[in-house]
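Student: So that we are looking at the same thing, I have put the structure below in structure tokens.
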Amino acid sequence: MSPTPLVSVICTCFNHEKYVFGALNSVLNQTHPRVELFIIDNGSNDKSVEVIQNWIWLHDYPNHVRVRYHSESLNYCKVFNEALQECNGTFVVDLAADDLLYPHHIATAVAHLEEQQGNVYFSNAKLVDEGGRAHFFYPLDRDGTLKKSVRQGDIYHELVERHSVCAATLVFRTNVLRKENGYDEALTYEDFDILIRLSRKYPFIFGNTVGIEKRILRNSFSAMQYRPKNSIMLPSTLVVLKKIKKMNRTYQEDVALKNRSFHELKHALASANFLIAGRLLSFLDGLGRKPMKFWFYWAWWRLKLDISSLYQRYTKR
13 MSPTPLVSVI CTCFNHEKYV FGALNSVLNQ THPRVELFII DNGSNDKSVE
63 VIQNWIWLHD YPNHVRVRYH SESLNYCKVF NEALQECNGT FVVDLAADDL
113 LYPHHIATAV AHLEEQQGNV YFSNAKLVDE GGRAHFFYPL DRDGTLKKSV
163 RQGDIYHELV ERHSVCAATL VFRTNVLRKE NGYDEALTYE DFDILIRLSR
213 KYPFIFGNTV GIEKRILRNS FSAMQYRPKN SIMLPSTLVV LKKIKKMNRT
263 YQEDVALKNR SFHELKHALA SANFLIAGRL LSFLDGLGRK PMKFWFYWAW
313 WRLKLDISSL YQRYTKR
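For the sequence shown, counting from 1, position 276 maps to 288 in my numbering; every step adds exactly one.
Here you go:
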């Protein structure tokens, strides 16, 4: 009988003083018996470090825990990759310190990955906002069954076209993630890019369970995707779109890329990120025939019509 695989969890914290204690406890409470934990504070300026130190003291510094403190905030992808190189686990989890792993998440992921000899696992997630309102990433009926089936296997086309996997639920085979050079350190955020690159090469395995609780916070890094007038994430999105253009193999995938590019352009314009909107228009100009909406967005961009205040109010609802 093969030994139980070790799983590495990399928990990165940045100003998560309210949540990091619970995130760390959720790792400790996993039913999977072999877990190592990397705790990284990425230059927090709140009381996160104090909370982490209290957690470590309370648990008498478990020997499977390693801690690293950064005096300033560094590129998230770089911080994760440094820890990835030190992981001893067969599988690895990227845990944000404002999220929670449900007790069965790692055990379920490992069972699926081992049984199917897979490399990437994902599941459903419970999304909870600051007011306590919750819904599921993949909607469920009252009896807890999925309202629609979730596609797995080769899902590259679907991921190009839309956000169809909750990246916070991912469990990777460590040597595969290393082979793909981890996260792209030239980007400001990781999930879109890593989902695309991995799905191009590897089938994704879906576990029909709610594996994590992901918090939707107004001031979280992910909430800055379409920050009005000054998105630091949209330029990275454009880089990924250009990667997709090179990776595509079929006409259908090219159509999916065009649809995704128009989606990003619409949000760039609505959030008054006109500089990157102009670059997205140039990118779309090179994707072939231009539909009528291209010229509508082009006119919007030329006029620099700023509706970002309305957009911000709408998206916060």
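Quick reminder that beta carbons are idealized off the backbone N, C-alpha and C, glycines included.
Taking buried to mean at least 16 other C-beta atoms within 10 Å of its own C-beta, is arginine 145 buried or exposed?
Tutor: By the neighbour-count rule (16 or more Cβ atoms within 10 Å), arginine 145 is not buried but exposed.
Student: What are the uninterrupted segments assigned as beta strand (DSSP E) that are 3 or more residues long and contained completely in the stretch 54-82, given in chain order?
Tutor: If we require 3 residues or more, the beta strand (DSSP E) runs fully inside the stretch 54-82 come out as 77-82.
Student: Which residues mark the beginning and the end of the beta strand (DSSP E) in which threonine 24 is found?
Tutor: Run containing threonine 24: 19-25, per the beta strand (DSSP E) assignment.
Student: According to DSSP, simplified to helix, strand and coil, what is alanine 289?
Tutor: Here alanine 289 sits in helix by DSSP.
Student: Tell me whether tyrosine 168 sits in a helix, a strand or coil according to DSSP, three-state version.
Tutor: Looking at tyrosine 168 - three-state DSSP - the assignment turns out to be helix.
Student: DSSP on valine 39, reduced to helix/strand/coil?
Tutor: Of the three classes helix, strand and coil, the one that applies to valine 39 here is helix, per DSSP.
Student: For leucine 253, tell me which candidate among Asn220, Asp318, Leu292 has the shortest Cα-Cα distance.
Tutor: Looking at the Cα atoms, Leu292 is the closest of the given residues.
Student: Take the Cβ of glutamate 276 as the centre, count every other Cβ of all protein chains shown within 10 Å, and call the residue buried at 16 or more, exposed below.
Tutor: Burial call: buried.
Student: Of all Cβ atoms in chain D, is any one closer than 7 Å to the Cβ of valine 21?
Tutor: Although the question refers to chain D, the structure presented lacks it and comprises just one protein chain.
Student: Is it true that the CB of threonine 200 sits closer than 7 Å to the CB of proline 115?
Tutor: Cβ distance not < 7 Å, so proline 115 and threonine 200 don't count as in contact.
Student: Out of Lys90, Tyr309, Arg174, state which residue places its alpha-carbon closest to the alpha-carbon of asparagine 271.
Tutor: The residue with the shortest Cα to Cα distance from asparagine 271 is Arg174.
Student: Taking a contact to mean a Cβ-Cβ separation below 7 Å, would you say alanine 284 touches serine 320 in this structure?
Tutor: Going by C-beta atoms, alanine 284 is nearer than 7 Å to serine 320.
Student: Output the boundary residues of the beta strand (DSSP E) element that contains leucine 182.
Tutor: Note, leucine 182: premise wrong, no beta strand (DSSP E); not H, not E.
Student: Whole angstroms is fine: what's the gap from arginine 80's alpha carbon to leucine 18's?
Tutor: Whole-angstrom Cα-Cα distance: 21 Å.
Student: Between the Cα of lysine 258 and those of Arg230, Leu299, Gly290, Asn231, spot the shortest distance and give me the residue it belongs to.
Tutor: Answer by Cα proximity: Leu299.
Student: Taking its Cβ as the centre, do 16 or more other Cβ atoms sit within 10 Å of alanine 333, making it buried, or is it exposed?
Tutor: The question about residue 333 has no answer, for the chain in this structure spans 13 to 329.
Student: Determine the direct distance from the alpha carbon of proline 215 to that of serine 85, and round the result to whole angstroms.
Tutor: If you take the alpha carbons of serine 85 and proline 215, they lie about 34 Å apart.
Student: State the Cα-Cα distance for the pair alanine 268 and alanine 289, rounded to the nearest angstrom.
Tutor: Roughly 19 Å separates the two Cα atoms.
Student: Relative to the C-alpha of glycine 219, which residue among Arg209, Lys255, Arg154, Val122 is closest?
Tutor: Residue Val122 is the option with its Cα nearest to glycine 219.
Student: Could you tell me which of Cys25, Val188, Phe148, Pro15 sits nearest to valine 132, measuring between CA atoms?
Tutor: Closest by alpha carbon: Val188.
Student: Taking the alpha-carbon of arginine 230 as reference, which of Gly223, Cys89, Tyr238 has the nearest alpha-carbon?
Tutor: Among Gly223, Cys89, Tyr238, the Cα nearest to that of arginine 230 is on Tyr238.
Student: Output the residue ranges of the alpha helix (DSSP H) runs that lie fully inside the stretch 271-318 and measure 4 residues or longer, sorted by chain position.
Tutor: If we require 4 residues or more, the alpha helix (DSSP H) runs fully inside the stretch 271-318 come out as 286-297, 304-315.
Student: Run the CB neighbour count on serine 294, radius 10 Å, all protein chains shown included, and call it buried at 16 or more, exposed below.
Tutor: Per the 10 Å Cβ criterion, exposed.
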